[in-house]
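Just so we're aligned, residue 136 is where the sequence shown starts under my numbering, counting upward by one. Below is one structure, written out as structure tokens; comments come after it.
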Amino acid sequence: MTGSSQSASTGWPQNPLGDAGNGIVHIGVGAFHRAHQAVYTQQAMQAAGGDWRIIGVTPRSTDIADQLNAQDGAFCVVVRNPAGDECQTIHTISHVLAAAREPEAVFDALCDPAIRIVTLTVTEKAYGIDRQTMKVSSDHPAIAHDLAHPGQPTGVIGILTEALRRRRDMGHAPFTCLCCDNLPENGAVLRAGMVDFASRLDADLGDWIAQNVHFPSSMVDRITPASTDATYETVRAMTGHDDACAVETEPFSQWVIEDDFPIGRPAWEKAGVLMVDDVRPYEHMKLRMLNGSHSLIAYLGQLAGYKYVRDVMADEDCAKLVRHHMDAAAATLTPLAELDFADYANDLVARFCNPAIAHETRQIAMDGTEKLPQRLLAPALEAANAGSDMSSFALAVAMWMAYVHKLVAEGQGDRISDPRKDEIATALSEAQNADAVYERLVALPGLFTPALLAHEPWQPAVTNWLTVILNDGVLAAVRKQIAA
Ligand code: CS2
């Protein structure tokens, strides 16, 4: 086991961070945070010190807060190498607060001047920001609740806004907000949503946030499947103790952050983080090449009966299609001297094939309406505008349509895991053929941009693929595309 010496009393390795204080509040203490930001921050503190331990906040659940607190915030990260597992113990989290149970303790933490950064991994759907208008959506349940009850917020935008209002009134400098979700220009999106939300409550507060709060964007990357019994068993076998908070992940890890932290940050660069002026080229590359291919793999896998990403990659035709999609995505990117898209694609293929990673296609297939725009629809429009081949994007979108159609047609609409699943089920309730499925789904408000729908070849491209999938099966569509 890697890490520090063993503590006699608990069986856990001793905390190598000593009595370092807290400097970060992290909202959304899921597996990804534990396998990514928590690891980088520990490495940065080991290399350069600093009071940068993390207070975790769970917006809704209480379980992970209780479990982490019972372990003094410590947990194991199992790194699944094709050649064997490694296990590392992470001590960056000092404790976790459950916002639903102890909201005032959350505000006390957020208003402590020692807290200089708030990081977030809450998934795309938690923000409630309409990315076409860059305003908050008042029909998002948390936004609607928090606009009506700004002093008792339940959603992430409401909590951050109330905390910043209190900090301003106390005369404390605002914390820097670092979004770590897979959204394009995630800092700019969060900033726009926060300023709009705050302005609806109090124009002065909206102005103060716009002028004083910094929202660097970041690109995060580490494939982290949901923990399973196999994760806990591996930890038990390797360390001899039970860890209810263990996570498993791949060897690869990347974090690119815009360096805009006026009141300080950990020495993340000492842990291998790339600190840059503009994260967009990295983020476009990752969202379109990795996440776009992931979504394609997910819907393809769900339609073809492949449980894991690695199973899709083990099918030679599917693997060719995935590589073809990465090339199509790369063709929409602005070339940059420091980024080699072909190398990136080769590395992605190897990561997706990792036999030690059991990443379920079902997990990635979740929340399609939140993921499609940045992963598939934006590059499709850019390919269309550039007159280049957009068939791969059309095929991936047709796979999503076929996937939700199949579940609804089989009376399993409830199994669609998506914040808009009721709208999808209603829209598709009587759609029998490719044209009807297409028409109903593109009519979902705010999902497909008018510019893409106005592009004449788009509709036939998607409906032709959908027809092949509905009539002959998804693998027939795969073969047709790779033969083209
Ligand atoms: C995946 C991502 O579930 C998904 O939608 O595409 O979680 C992906 O594994 C990560 O972004 C990898 O960094």
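Cβ atoms here follow ideal geometry from the backbone N, Cα and C, with glycine treated the same way.
Where residue i and residue j are concerned, what is the direct C-alpha to C-alpha distance, given to the nearest angstrom?
i: D570; j: L542; result: 17 Å
i: H494; j: T311; result: 33 Å
i: G341; j: D220; result: 48 Å
i: T227; j: A518; result: 43 Å
i: P360; j: I492; result: 8 Å
i: G153; j: S229; result: 11 Å
i: A143; j: Q206; result: Annotation note: pLDDT 46 at A143 (below 50); position unreliable, coordinate value reported separately. Each residue's alpha carbon lies about 15 Å from the other.
i: S353; j: D475; result: 19 Å
i: M136; j: T602; result: Low confidence applies to M136: its pLDDT is 37, below 50, so where it sits in the model is not reliable, and the reading given next is rough at best. Their backbone Cα atoms lie some 52 Å apart in a straight line.
i: N481; j: I432; result: 16 Å
i: T296; j: K260; result: 18 Å
i: D316; j: L325; result: 10 Å
i: H168; j: Q177; result: 12 Å
i: V330; j: M269; result: 10 Å
i: H460; j: L425; result: 10 Å
i: A562; j: R575; result: 6 Å
i: E591; j: M525; result: 12 Å
i: R195; j: V257; result: 10 Å
i: N150; j: I604; result: 54 Å
i: V457; j: L471; result: 23 Å
i: P554; j: L579; result: 13 Å
i: Q172; j: A485; result: 23 Å
i: H307; j: T469; result: 41 Å
i: A586; j: L512; result: 10 Å
i: G546; j: M536; result: 16 Å
Based on Cα-Cα distance, which residue from the options lies nearest to residue i?
i: S334; options: A345, V411 and Q172; result: A345
i: Y573; options: A586, Y443 and V532; result: V532
i: A283; options: V447, N150, D337 and I617; result: D337
i: R357; options: A235, L152 and Y175; result: Y175
i: R510; options: L601, Y443 and F583; result: F583
i: M373; options: V212, V577, H226 and V241; result: V212
i: Q202; options: T366, D378 and G407; result: D378
i: G293; options: S273, K270, F332 and A454; result: F332
i: T496; options: V414, M534, E320 and A519; result: M534
i: P276; options: G290, G286, M536 and P285; result: G290
i: V577; options: H429, A463, Q594 and A279; result: Q594
i: L438; options: L245, V609, T256 and V160; result: V609
i: S523; options: R555, A464 and I190; result: A464
i: A406; options: K421, Q389, M420 and P397; result: Q389
i: K556; options: N216, A589, E505 and A234; result: E505
i: V348; options: A298, R423 and A521; result: A298
i: G503; options: H429, R251 and I264; result: H429
i: M180; options: E473, W403, D247 and A618; result: W403
i: A500; options: Y441, S527, Y434 and L507; result: Y434
Can you give me the Cβ contacts of residue i inside the same chain, cut-off strictly under 6 Å, excluding the 5 residues immediately before and after it?
i: A560; result: V543 and G548
i: G436; result: V447 and T496
i: E320; result: S352
i: R303; result: W343
i: S273; result: A279
i: V622; result: Outside the modelled stretch of the chain, which goes from 136 to 619, sits residue 622, for which no answer is possible.
i: V164; result: G191, T193, I199 and V231
i: A454; result: M448
i: T467; result: P514, E517 and A518
i: E383; result: V213, R215 and T366
Among residues of its own chain, excluding the 5 on either side of residue i, which ones have a beta-carbon nearer than 8 Å to its beta-carbon?
i: V411; result: V391, I392, E393, D394 and Y417
i: P217; result: N489, P490 and A491
Please report the residue range of the alpha helix (DSSP H) in which residue i lies.
i: T374; result: D364 to T374
i: L576; result: A569 to V577
i: R458; result: E451 to A465
i: S527; result: S526 to A544
i: M305; result: V291 to M305
i: T176; result: Q172 to A183
i: F210; result: No alpha helix (DSSP H) holds F210; the beta strand (DSSP E) holding it covers F210 to N216.
i: V603; result: W593 to D607
i: L471; result: Here L471 belongs to no alpha helix (DSSP H), and DSSP marks it neither H nor E.
i: S334; result: N321 to L336
Ends of the beta strand (DSSP E) at residue i?
i: H275; result: Note, H275: premise wrong, no beta strand (DSSP E); not H, not E.
i: Q389; result: Q389 to E393
i: L255; result: I252 to L255
i: R195; result: Segment: none, R195 is in no beta strand (DSSP E) and carries neither H nor E.
i: S430; result: First-last for S430: G427 to A439, but that is the alpha helix (DSSP H), not the beta strand (DSSP E).
i: D220; result: G219 to I225
i: N157; result: N157 to I162
i: H349; result: From DSSP, H349 is part of no beta strand (DSSP E); its letter is neither H nor E.
Once the 5 residues before and after residue i are set aside, which same chain residues still bring their CB inside 7 Å of it?
i: A381; result: F210, C211, V213, S362, T366, Y367 and V370
i: G138; result: Note that G138 scores 40 on pLDDT, short of 50, meaning its location in the model is unreliable and no value can be drawn from it.
i: D186; result: A155, G156, N157, G158 and A249
i: C488; result: R445 and M448
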